[in-house]
Amino acid sequence: PQSLRALGAAIDLPIGSALTPQDITDFAAVSGGQFSVVMGANAMKWQTVEPAQGSYDWTDADQLMAFAKANHQLVRGHTLLWHNQLPTWLTDGVAAGTITKSKLWALLEKHIFTEVGRYKGRIWQWDVANEFFTDANPSGINPNDWWIQQLGESVIPQAFKWAHQADPHALLFYNDYNVTGEDGTNAKSDAVYAWATKQRDAGVPIHGIGTQAHLDTQYGFDPQRFQQDLERFGKAGFKVAVTEADVRTFVDAAATQVPTDSLAQFAQPFEYSAMLQAAISVPAVISFTVWGWTDSLSWVPGTFSGEGYACLYDVNQQPKQAYYTLQKDLELA
Ligand code: G3I
Numbered sequence: 014p015q016s017l018r019a020l021g022a023a024i025d026l027p028i029g030s031a032l033t034p035q036d037i038t039d040f041a042a043v044s045g046g047q048f049s050v051v052m053g054a055n056a057m058k059w060q061t062v063e064p065a066q067g068s069y070d071w072t073d074a075d076q077l078m079a080f081a082k083a084n085h086q087l088v089r090g091h092t093l094l095w096h097n098q099l100p101t102w103l104t105d106g107v108a109a110g111t112i113t114k115s116k117l118w119a120l121l122e123k124h125i126f127t128e129v130g131r132y133k134g135r136i137w138q139w140d141v142a143n144e145f146f147t148d149a150n151p152s153g154i155n156p157n158d159w160w161i162q163q164l165g166e167s168v169i170p171q172a173f174k175w176a177h178q179a180d181p182h183a184l185l186f187y188n189d190y191n192v193t194g195e196d197g198t199n200a201k202s203d204a205v206y207a208w209a210t211k212q213r214d215a216g217v218p219i220h221g222i223g224t225q226a227h228l229d230t231q232y233g234f235d236p237q238r239f240q241q242d243l244e245r246f247g248k249a250g251f252k253v254a255v256t257e258a259d260v261r262t263f264v265d266a267a268a269t270q271v272p273t274d275s276l277a278q279f280a281q282p283f284e285y286s287a288m289l290q291a292a293i294s295v296p297a298v299i300s301f302t303v304w305g306w307t308d309s310l311s312w313v314p315g316t317f318s319g320e321g322y323a324c325l326y327d328v329n330q331q332p333k334q335a336y337y338t339l340q341k342d343l344e345l346a
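As structure tokens, this is what we get:
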């Protein structure tokens, strides 16, 4: 059987993964061999690239770019504007009043031009803005978001405009979770749809919608709604990307990540497969990326106590049923 990337190439759907530095140094064969598009799990976030004001650290981002080049992989940049993983000098400076509103605008502009400019022409898709909407019904831009509090809602379109100026050929994405019915409601999807079409119609260079697709086998995932939501963003003229797919469940321990609910062993491949099949059948979907491929490096146990088993490969880097199911879906597509 062929790699996911080879099978994806045959149907023109790049299959990818987020990578940590350890995925690159320790597990290069799978990280390079199975995927044709990569993104940094943390490598390109502001906190990582500018740990001290005006002093840049491109180690991880450059490592990712070099790995992608060596393995003929596309790159998704992630992410320019997010409330999380901001440098402490920035948040502390704002809290102390030493970074004023006008200074913050200038710092954001510099951040976007510096980072997007550094990799100009080498990033296929940028997640420009990440996780701005609430899960509430009805949903909207979160008024308590750090950026919204500081600069107001115009910060999002402004970030898209600057990113477009810095690299006119990159596809610019708005990325979020629960925008494809993962939690059983369409409130956030509707809000993002309304906002994104309005911005785009007003001339903001927003080209795509990214659905993170972090599933949990405990939730009522609805495959039909997932596909319908991909479709409606596509019909509105957006490119669509499944950006951070994984399917977590309750496990025995963080080290072993064996599901405690035996049904999860069937639910997981089913949910991965449903997502990929939807991505395959919706023409607007241009890439399908998972948020890490091995349970040993997954973000899930560190965030959700008692959960794990979210990836295509287990803690010993052995492919799981979910992997073989995706392989079969691609073969049959
Ligand atoms: O680098 C420090 C290290 O110096 C320190 O010793 C250690 C102690 O906790 O923390 C390390 O930082 C961690 C960082 O990942 C790098 O490993 C942070 O604690 C940890 O919170 C951070 O988690 C990241 C998370 O975003 C933060 O929200 C995950 O790795 C990353 O996978 C995750 O990715 C996000 C996407 O960007 C957006 N969508 C959701 C997704 C999952 O949360």
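Here mature numbering (1 follows the signal peptide of the UniProt record, and there is no 0) is used: the first residue of the sequence shown is 14, the next is one more, and so on. Using N, Cα and C, we set each Cβ at its ideal position, and we do this for glycine too.
Nearest-angstrom beta carbon gap, residue j and residue i [assumed within contact, 8 Å]
i: residue 9; j: Trp102; result: With the chain represented from 14 up to 346, any question about residue 9 goes unanswered, as that position is not in the structure.
i: Ala209; j: Ser152; result: Going by Cβ atoms, the distance from Ala209 to Ser152 rounds to 13 Å, so no, they are not a contact pair.
i: Ala172; j: Ala142; result: 6 Å
i: Arg261; j: Gly321; result: 6 Å
i: Val298; j: Ala254; result: 7 Å
i: Pro34; j: Gln98; result: With a Cβ gap of about 15 Å, Pro34 and Gln98 do not count as contacting.
i: Pro282; j: Gln231; result: Wrong, their Cβ atoms sit about 16 Å apart, outside the cutoff.
i: Gly221; j: Leu185; result: 7 Å
i: Gly46; j: Ser16; result: 6 Å
i: Ala83; j: Thr302; result: About 19 Å separates the two Cβ atoms, so there is no contact after all.
i: Leu94; j: Trp160; result: 6 Å
i: Ala291; j: Phe251; result: The Cβ separation is near 15 Å, so there is no contact.
i: Leu20; j: Leu343; result: 4 Å
i: Pro309; j: Ala323; result: In the sequence on display, residue 309 carries Ser and not Pro. With a Cβ gap of about 11 Å, Ser309 and Ala323 do not count as contacting.
Residue i burial status per 10 Å Cβ neighbour count (16 or more: buried)
i: Asp214; result: exposed
i: Pro156; result: exposed
i: Lys181; result: Reading the sequence as shown, one finds Pro at residue 181 and not Lys. Answer is exposed; the Cβ neighbour count stays below 16.
i: Pro14; result: exposed
i: Ile24; result: exposed
i: His177; result: buried
i: Thr300; result: Note that residue 300 corresponds to Ser in the displayed sequence, not to Thr. Counting Cβ neighbours within 10 Å, Ser300 comes out buried, since at least 16 surround it.
i: Leu276; result: exposed
i: Lys201; result: buried
i: Pro314; result: buried
i: Asp105; result: exposed
i: Phe145; result: buried
i: His85; result: exposed
i: Tyr187; result: buried
i: Pro272; result: buried
i: Tyr337; result: exposed
i: Thr113; result: exposed
i: Pro296; result: exposed
i: Asn199; result: buried
i: Ala280; result: buried
i: Leu120; result: buried
Limits of the unbroken beta strand (DSSP E) element including residue i
i: Glu257; result: 252-263
i: Ala31; result: 28-32
For residue i: DSSP bridge partner residues
i: Arg89; result: Met52, Gln138
i: Leu94; result: Ala142
i: His227; result: Asp259
i: Ala65; result: Ser68
i: Asp189; result: Thr224
i: Leu77; result: Beta-bridge pairing links Leu77 to no other residue.
i: Pro272; result: Val264
i: Leu184; result: Gln138
i: Glu320; result: Phe263
i: Thr307; result: Tyr326
Residue range of the unbroken alpha helix (DSSP H) whose run includes residue i
i: Thr302; result: No alpha helix (DSSP H) holds Thr302; the beta strand (DSSP E) holding it covers 298-303.
i: Leu325; result: Where Leu325 is concerned, there is no enclosing alpha helix (DSSP H), given that its DSSP letter is neither H nor E.
i: Gly153; result: Where Gly153 is concerned, there is no enclosing alpha helix (DSSP H), given that its DSSP letter is neither H nor E.
i: Met288; result: 277-294
i: Glu344; result: 334-345
i: Ile125; result: 114-131
i: Ile161; result: 159-164
i: Ser202; result: 200-214
i: Trp102; result: 101-109
i: Glu244; result: 236-248
i: Phe173; result: 168-179
i: Val43; result: 41-46
i: Gly194; result: Run containing Gly194: none; DSSP gives neither H nor E here.
i: Gly21; result: 17-23
Could you please go through the chain and list the residues whose beta-carbon is closer than 5 Å to any non-hydrogen atom of ligand 1? Working through the chain, the matches are Ala54, Asn55, Asn97, Trp312.
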